[in-house]
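To keep things clear, I will list the structure first and then write my remarks on it.
2 protein chains.
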Amino acid sequence: MPQAEDASHPRTATVGRVRRPTMTDIAARAGVSQSLVSLVFRNQPGASAQTRERVFEVARELGYHPDGAAQLLRSTRSRQLGVLFTMRHPHDVDIVEALYPAASQRGYTVVLSAVVPGRDDQQAIGDLLRMRSEAVIVIGSGASPRQLAAIAGQVPVVDINRRSRADGVDSVRTAEATGMRQAVDHLAGLGHQAITHVDGGAMPGAAERRRGYRDAMRRHGLTRNINILPGDYTEEAGAQAARDMLAGDDLPTAIIAGNDRSAHGVLGAFLRAGIHVPGDVSVVGYDDSRLAQLSFIDLTSVRQDATDVAELAVQAVAERLDEGRTTERDIVLQPTLIVRGSTGHARR
Amino acid sequence: MPQAEDASHPRTATVGRVRRPTMTDIAARAGVSQSLVSLVFRNQPGASAQTRERVFEVARELGYHPDGAAQLLRSTRSRQLGVLFTMRHPHDVDIVEALYPAASQRGYTVVLSAVVPGRDDQQAIGDLLRMRSEAVIVIGSGASPRQLAAIAGQVPVVDINRRSRADGVDSVRTAEATGMRQAVDHLAGLGHQAITHVDGGAMPGAAERRRGYRDAMRRHGLTRNINILPGDYTEEAGAQAARDMLAGDDLPTAIIAGNDRSAHGVLGAFLRAGIHVPGDVSVVGYDDSRLAQLSFIDLTSVRQDATDVAELAVQAVAERLDEGRTTERDIVLQPTLIVRGSTGHARR
DNA sequence: GTGAAAGCGCTAACAA
DNA sequence: TTGTTAGCGCTTTCAC
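Protein chains in written order, with my numbering: chain A, 1 to 348; chain B, 1001 to 1348.
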């Protein structure tokens, strides 16, 4: 965790940056004390309207920007929430976007740290802690329970879309089983029996969705029709699964993909092969991301509301930070099936 | 710019966070001075191997994380590059990802700030400056030249995918005209004459692509076939344009979309309508993003290499920060047409 | 309504 | 090889 840094790029350099104006500069120019300037910016009582105006005016003249490092250093609280994310999944992006207003509502600020090829969870989390994040919100990352537990020892952690199996880690997720049941119910109601699931492998929530699919199929007496194809939440996995189905002689009448991206791949591969959706095969996605909502995709999908997820995640964090909760919470949302044009009556 | 903050969420709170271990804590426990600990972490010469080891050991015991705020405050340089981005466009995401290694190569670190609904460029930039970003890299944002020029007065700014029209702002972009010419050449070579362009409206690079399309068409003696449909780089705009074409009686034999997302919409709407690509109509995208590369989309696209763009952007910044360049640079990359399965001989 | 002063956790120059 | 010292730009008492 503590790691020596590369010393080849010195922090002090010859060229570097010019000095930015400070509160002291403003104070000098406005003819007041630096502490008064601080007070004004913090909107605290104790300065005359005239002084306030003068301070703002000088600040504007000087092009002043508050120095976050100094604020952070001096303050006991940072009120910053660290967000760990990848930019791969549209639904994750929706959650990140929704976190801004959710955090802001409770007086928190968001700090982003991306996991990208060549920059793993560990580094991304390190950055977040270095920046004094008071909590870490993890969105669909590959961080292990062990890793998360280690962070949770330092700051509250919320794992999104995955049941937390680590001590001190809260989780916000949807009732995957319910979502899958809704999907299967919907399809069964349309007369489908041969319903195949393209799963998400080891991705967050995939195991629960798989289980939910199995249970729902059994409940409908479709045990013998249970069919799970391996996938990983990507378009290519969905497309590959679709091609495999086409290559076999057992094309199901309906497919439930592990997520929307996978469904997109299934849809694309089918359309290319001249298979009509939903005429020949019905397709259901999961997440109800932007992708599902596109008019030419028009995908029936299990909706996980990004706004709700974001708000509950921030709430979980706030409960720990502001209200002193110390026990784990596993927050489960109820998903809703959004029926669109990719599902219809079973063929024949 | 200088703005009073909301005082309702105090920086100091009752519950908040526990104290994190500091260098002083490590020093005390390891029986050395705090400055020696600092020296060890900075990997500077002047500490015995034994001391180093002891310091690291204690740090691990204590779960020490360096305090970025303090480092930042104390250091003359932050070596942080602020990146302004939205998460909407796959190509932008590719650039963000590529910026990490590019920055790291030159000893810089990346700080992200997202523009999302309800959080405009101004706020996102403010955050970046507050965090002591030494430069701002702007990716396909809606920030006005005026805004960018204002920031450029404080720190170097690189505008990606858009020709900088602001003082002190560098830009990194591809030769849009060349890209469009390659696309038109390719299509003309396949016998296409009725080549329509679905443009990107006011989006970055769209005007140049439009112009490039017109010029290329003229060069091929296809002036009378010039046809530009309004768009905005989104799937829905592409889909709408496709539907409009289908509704008319003038379906072109080829379409060049403003970007891959738009092409995706065109493709989707056509496929839905039973139009075969490339049998009936050829489609070309722009960006060569992940989307274009998907096997079931397989889109011929004008490639803008994200890695190159990222490296040149960081280079431009480094030239200003480390080498003292003060004049503007407009860096133009040559794009390459990547031919895939969405283009073929003109019908009839 | 205003100012002086202390100190957040570090870096960096200097002394020992 | 190690320790001392002085801030970085702010927030936050506590005096005036």
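For every residue, glycine included, the Cβ atom is placed at its ideal position computed from N, Cα and C.
Does A:Gly-268 come out as helix, strand or coil in the three-state DSSP assignment? helix
Suppose you measure from the CA of A:Gln-240 to the CA of A:Ser-164; what does that come to, to the nearest Å? 31 Å
Tell me, which residues are paired with B:Phe-1352 by DSSP? No answer is possible for residue 1352 of chain B: the residues shown for chain B start at 1001 and end at 1348.
Of the listed residues B:His-1186, B:Gln-1182, B:Ser-1104 and B:Gln-1122, nearest to B:His-1345 (C-alpha basis): B:His-1186
Would you mind stating whether B:Ala-1135 and B:Arg-1329 have Cβ atoms separated by less than 8 Å? The beta carbons of B:Ala-1135 and B:Arg-1329 sit no closer together than 8 Å.
For A:Met-203, would you say it is in contact with chain B, using Cβ-to-Cβ distances shorter than 8 Å as the test? no
Cβ-Cβ distance between B:Leu-1148 and B:Val-1157 below 8 Å: Going by C-beta atoms, B:Leu-1148 is nearer than 8 Å to B:Val-1157.
Near-chain A residues of the stretch 1285-1312 of chain B (beta-carbon distance less than 7 Å), N- to C-terminal order: Leu-1294, Ser-1295, Phe-1296 and Ile-1297
If you draw a straight line from the alpha carbon of A:Ala-13 to that of B:Leu-1190, how long is it in whole angstroms? Unreliable positioning characterises A:Ala-13 in this predicted model, as indicated by a pLDDT of 39, which lies under 50. The coordinate reading is nonetheless provided below. Whole-angstrom Cα-Cα distance: 56 Å.
Proximal residues of chain B, C-beta to C-beta of A:Pro-101 below 7 Å: Gly-1118
Would you say B:Pro-1066 reaches chain A, if we count a Cβ-Cβ gap shorter than 8 Å as a contact? yes
Does any residue of chain A bring its CB to less than 8 Å from the CB of B:Val-1339? no
Assuming A:Leu-128 and A:Ser-113 make a contact with CB atoms under 8 Å, what is their CB distance in whole Å? About 5 Å separates the two Cβ atoms, so the contact holds.
Could you check which residue in A:Leu-291, A:Ile-297 and A:Asp-287 has the C-alpha nearest to that of A:Phe-270? Of A:Leu-291, A:Ile-297 and A:Asp-287, the residue nearest in Cα terms is A:Ile-297.
From the DSSP secondary-structure annotation, give me the bridge partner or partners of B:Thr-1196. B:Asn-1227 and B:Ile-1255
Would you call the CB atoms of B:Tyr-1108 and B:Leu-1081 closer than 8 Å? yes
Cβ neighbour criterion (16 or more within 10 Å) applied to B:Arg-1000: Here chain B has residues from 1001 to 1348 only, and residue 1000 of chain B is not among them.
DSSP puts B:Gln-1182 in a beta bridge; with which residues? DSSP, once it has assigned bridges, lists no residue as partnering B:Gln-1182.
Which bits of chain A does B:Val-1093 rub up against, with CB to CB less than 7 Å? Met-87
Any beta carbon from chain A within less than 8 Å of B:Arg-1011's own beta carbon? Low per-residue confidence applies at B:Arg-1011: pLDDT is 43, beneath 50, and the placement is therefore not dependable enough to give any value.
Quick one: is B:Met-1131 near chain A, going by C-beta distance under 8 Å? yes
Own chain partners of A:Arg-132 with C-beta closer than 7 Å, once the 5 adjacent residues on each side are dropped: The beta carbon of A:Arg-132 sits closer than 7 Å to those of Leu-72, Ser-78 and Gln-80, all from its chain and outside the five residues before and after it, given in chain order.
What is the residue span of the alpha helix (DSSP H) that A:Leu-39 lies within? 34-41
Measure from the alpha carbon of A:Ile-137 to the alpha carbon of each residue in A:Val-317, A:Ser-289 and A:Thr-343, then state which is nearest. The residue with the shortest Cα to Cα distance from A:Ile-137 is A:Val-317.
Thinking C-beta only, is B:Arg-1181 closer than 8 Å to B:Ala-1143? no
Using a Cβ-Cβ cut-off of less than 8 Å, list which residues of the stretch 152-177 of chain A approach chain B; keep chain order. Only those residues of the stretch 152-177 of chain A whose C-beta falls short of 8 Å from the nearest C-beta of chain B are listed: Gly-153, Gln-154 and Val-155.
Compare the beta carbon distance of A:Asn-259 and A:Gly-285 with 8 Å and say whether it is the shorter of the two. yes
Presumed contact (8 Å Cβ cut-off) between B:Leu-1039 and B:Ala-1175, rounded CB distance: Contact doesn't hold; Cβ gap of about 49 Å is too wide.
Measure the alpha-carbon distance for A:Ala-49 versus B:Arg-1019 and round it to whole angstroms. Taking C-alpha positions only, A:Ala-49 is separated from B:Arg-1019 by approximately 37 Å.
My assumption, with CB atoms under 8 Å, is that B:Ile-1338 sits in contact with B:Thr-1300. Please give the rounded CB distance. 7 Å
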